[in-house]
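Colleague: If you scroll down you'll find the structure; I have some questions about it.
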Amino acid sequence: MNNISLFKKVKSFKIKHPFTVAWRLNSHCKVIEDHLNFDEKVIYAFAAQKNDSLINIMETAVVALTNRRLVVGQKRVLFGYFFYSITPDMFNDLQVRKGLFWGKIYIDTINEMIVLSNISKSALVEIERNISNYMMEEKKKYFHRKDKKQ
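No gaps in the numbering here: position 94 of the sequence shown is 260 in our numbering, and each next residue is one more.
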C-alpha cells in the first residue's frame, strides 16, 4: 500500500464527515507509511485530534487499522513525530462519547488510554464498528492459536 491510497482513505473520511477537525493529513499519513511492514494493508483510516480537549485543535493525528494492528501517526509542526502501535492482544476496550457538536473515542490498551476527539458525530458509529469488529475477530484468532499451543 502506498501513501497515496492511505491519504485517499483519510481524505474520503474527511469528505464524508466534514465536521471532523483535522489538517496536515498528508504529513500524518507519511508517519504511518514509514512504519508499516511490507505485507501490511490498511483496512480503514480516519483523522482526529489526539487529546481530550475540545479547544486544543493543534494535535491532529491519523489513525489506521491494518490487517495486523491499529496505528496512530502524528507529525509534529516543527520536527519529529509520534507513532503508536496497538496490537490486538494489547487492546482492551473502546468507548464512544457523543457530544453536542463532536464526539470522542477512548481506546483503552494495557499500557495507556488513547483519546481521540473533535470527531464528527456522524463518524462515531462507523469508527466504533470498524475497530471493534476487527479487534474482536483478531483476539479470537490470537487466543485460538494460544490454546492450540498448550
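Cβ atoms here follow ideal geometry from the backbone N, Cα and C, with glycine treated the same way.
Which residues in the same chain have their Cβ closer than 8 Å to the Cβ of residue 191, if we skip the five residues on either side of it in sequence?
Modeller: Hits under 8 Å: 173, 176, 177, 180, 213, 226 and 228.
Colleague: Whose C-alpha, out of 201, 184, 272 and 189, is nearest the C-alpha of residue 263?
Modeller: Nearest C-alpha to residue 263: 272.
Colleague: Going by DSSP, which residues form a beta bridge with residue 251?
Modeller: Beta-bridge pairing links residue 251 to 237.
Colleague: Is the distance from the Cβ of residue 269 to the Cβ of residue 236 below 8 Å?
Modeller: No, the pair does not count as a contact, with Cβ atoms beyond the cut-off.
Colleague: Taking the beta strand (DSSP E) that residue 192 belongs to, which residues open and close that run?
Modeller: That residue, residue 192, is in no beta strand (DSSP E); its alpha helix (DSSP H) goes 191–201.
Colleague: On the three-state DSSP scale, how would you describe residue 279?
Modeller: Strand, per DSSP.
Colleague: Under DSSP, the beta strand (DSSP E) around residue 257 begins and ends at which residues?
Modeller: Unbroken beta strand (DSSP E) run through residue 257: 257–264.
Colleague: Alpha carbon to alpha carbon, what distance is there between residue 240 and residue 298?
Modeller: Rounded to the nearest angstrom, the two C-alpha atoms are 22 Å apart.
Colleague: Tell me whether the beta-carbon of residue 230 lies closer than 8 Å to the beta-carbon of residue 197.
Modeller: Not closer than 8 Å, so no.
Colleague: In terms of residues, what are the limits of the beta strand (DSSP E) holding residue 186?
Modeller: Neither: residue 186 is in no beta strand (DSSP E) and is coded neither H nor E.
Colleague: Compute the beta-carbon to beta-carbon distance between residue 276 and residue 258, rounded to the nearest angstrom, for a pair I have assumed lies under 8 Å.
Modeller: That belief holds up - the Cβ atoms of residue 276 and residue 258 are roughly 6 Å apart, short of 8 Å.
Colleague: Suppose the cutoff is 8 Å on Cβ atoms and the five residues either side in sequence are ignored; what does the same chain contact list for residue 222 look like?
Modeller: The answer, listed in chain order, is 215.
Colleague: According to DSSP, simplified to helix, strand and coil, what is residue 209?
Modeller: Note: residue 209 maps to strand in three-state DSSP.
Colleague: Using only CA atoms, which one of 232, 284 and 300 lies nearest to residue 184?
Modeller: Among 232, 284 and 300, the Cα nearest to that of residue 184 is on 284.
Colleague: With distances taken Cα to Cα, identify the nearest neighbour of residue 266 among 288, 300 and 256.
Modeller: Measuring from the Cα of residue 266, the nearest candidate turns out to be 288.
Colleague: Taking the beta strand (DSSP E) that residue 231 belongs to, which residues open and close that run?
Modeller: Note, residue 231: beta strand (DSSP E), 226–232.
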